Amino acid sequence: MKKFLVAIGVLLFAAALAFTGFTLVKMIQKQQAAPASAQDDAASAASSTAVALPQPELGVYKLVETEMDLLEALDYEIKQNRDTVGWLIVPNTQISNSVLQAHDNTAYLRTDERHQPSIYGCYFADYTCSIGPREVLSPNTVIYGHSDLKDNPDGPRFSQLFKFTDPEFARQNPYIQFSTIDDFMDWEIFAVFYPNVDMNYIETNLSGSELVALANEAKAQSIYDYDVTVGETDKILTLSTCTVKYGSNDYEHRFVVMAKLVPEGTEKKVNADLKEKTSTDQQTEE
C-alpha cells in the first residue's frame, strides 16, 4: 500500500511539473511569435510610462566620453554577448549603446542585448556589414533599431533619432560616433530623410560610383541641405528606423540618418552647416 501511495505521489508530481513546463513554453512562444502589428500596442504602453518609470537596465543611455570609457564598455559588453561589434553614440540623445550583429537580420528584431524577448529589440548591424577598424568597414555600415511608431523624439531606442527633425537640434549636433574595439570613429551627418523601402539604401557593399549615387539620392531627399560632400573613397553610416509620417498603416517608408566617416586628425565643426529645404527645393531635386 505504501509503495502504491508513493507511486501515485510521483505521478502527480510529474504531471504538475509537465503542466508547468508546457505553460511556460507556450508563454515564451506567444511572446516570440507576436505579430508585427502588436508593436503598436506595446510601443504605446511603453512610451506612455517612459517618463513616469525608471529606465530598464538595458537599452538605455550609458555615459561613454573617452576612448577609455569606450574600451571598458565594449570589453564588458563583448563578455556578456559575443555578438557585440561596436558602440553607437548620438550626442544629446539617449542613444549610447552597444551594437550587435548576427548571422541574419532577424536575430535581434525582438531580442535585447542579453538574448531576452523585447518588443524594441536592440541596435544591430546588417549581417552583410564588415565591421572592425575603419580600413575593413563596408562602404555602407547599416544599423537598425526600433522606434515607438509615434515619431516621438523622446521615445525609446531609435525614436530618439526624430530629434533631427528639429532644425536647431540638427544644427547643433553634426556628428555621430560609431566605434569598435579597434577604432574610435566620428561620422559627419549629411542627410536626414524618409526613403521609400524601394530605395536600396541598405546595400552595404557598394562600388565607389554606387556609393556616391546613393549619397546623392539621400541628399536629394534630405529635409536639410548639408554642406558635406561624399566621394568614392568615403565610407558612410546609415541609421534606419520605422516612421508613421505617412500614416500608421504605411509600411513603405523609413526614417534615416546618414553620415560619412571623418578622416583621422580632421578638426571637428561646432555646428552643422545646413539649410532647411522648402517643399519647392525638394520637388526641384526630385
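Mapping of the sequence shown onto this note's numbering: residues 1 to 286, in sequence order. Glycine included, C-beta positions come from ideal geometry on N, C-alpha and C. Since the model is a prediction, treat every value here as computed from it, not as a measurement.
1. Just the Cα atoms here: how many angstroms apart are residue 276 and residue 140?
2. Please confirm whether residue 230 and residue 215 have their CB atoms less than 8 angstroms apart.
3. So what does DSSP say about residue 229, is it helix, strand or coil?
4. To the nearest angstrom, how far is it from the Cα of residue 236 to the Cα of residue 260?
5. Under 8 angstroms by Cβ, that's how I've got residue 127 and residue 105 pegged, so tell me the actual separation to the nearest angstrom.
6. Could you check how far apart the C-beta atoms of residue 170 and residue 274 are, in whole angstroms? I think they sit under 8 angstroms.
7. Roughly how many whole angstroms lie between the Cα atoms of residue 80 and residue 86?
8. What separation, rounded to the nearest whole angstrom, lies between the Cα atoms of residue 115 and residue 197?
9. Could you check the C-alpha separation between residue 287 and residue 167 for me, to the nearest Å?
10. Taking the alpha helix (DSSP H) that residue 179 falls in, what are its first and last residues?
11. So residue 214 is in the beta strand (DSSP E); what residue range does that whole segment cover?
12. Return the CA-CA distance between residue 227 and residue 175, expressed in angstroms with no decimal places.
13. For residue 144, list the residues DSSP reports as bridge partners.
14. Taking the alpha-carbon positions, what's the residue 219 to residue 165 distance?
15. Quick test of the definition: if touching needs 3 or more C-beta pairs under 8 angstroms, does the region 141-157 touch the region 237-249?
16. Identify every residue that forms a DSSP beta bridge with residue 97.
In brief:
1. The alpha-carbon atoms of residue 276 and residue 140 are separated by roughly 25 angstroms.
2. A contact, by the Cβ cut-off of 8 angstroms.
3. DSSP, reduced to helix, strand and coil, places residue 229 outside both helices and strands of the structure shown, so it counts as coil.
4. Annotation: residue 236 to residue 260 spans about 4 angstroms, alpha carbon to alpha carbon.
5. 6 angstroms between Cβ atoms; contact.
6. Their Cβ separation, rounded to whole angstroms, is 6 angstroms, which keeps residue 170 and residue 274 in contact under 8 angstroms.
7. Straight-line Cα distance between these residues: approximately 13 angstroms.
8. Separation of residue 115 and residue 197 (C-alpha to C-alpha, rounded to the nearest whole angstrom) is 28 angstroms.
9. In the structure as shown, the chain starts at 1 and stops at 286, and residue 287 therefore has no counterpart that could be examined.
10. Premise fails: residue 179 lies in the beta strand (DSSP E), 175-179, not in any alpha helix (DSSP H).
11. Unbroken run through residue 214 is the alpha helix (DSSP H), 208-221; no beta strand (DSSP E).
12. Roughly 13 angstroms between the two C-alpha positions.
13. Secondary-structure assignment with DSSP links residue 144 through a beta bridge to 124, 240.
14. Their Cα atoms are separated by approximately 15 angstroms.
15. Yes, the region 141-157 touches the region 237-249.
16. Answer is 88.
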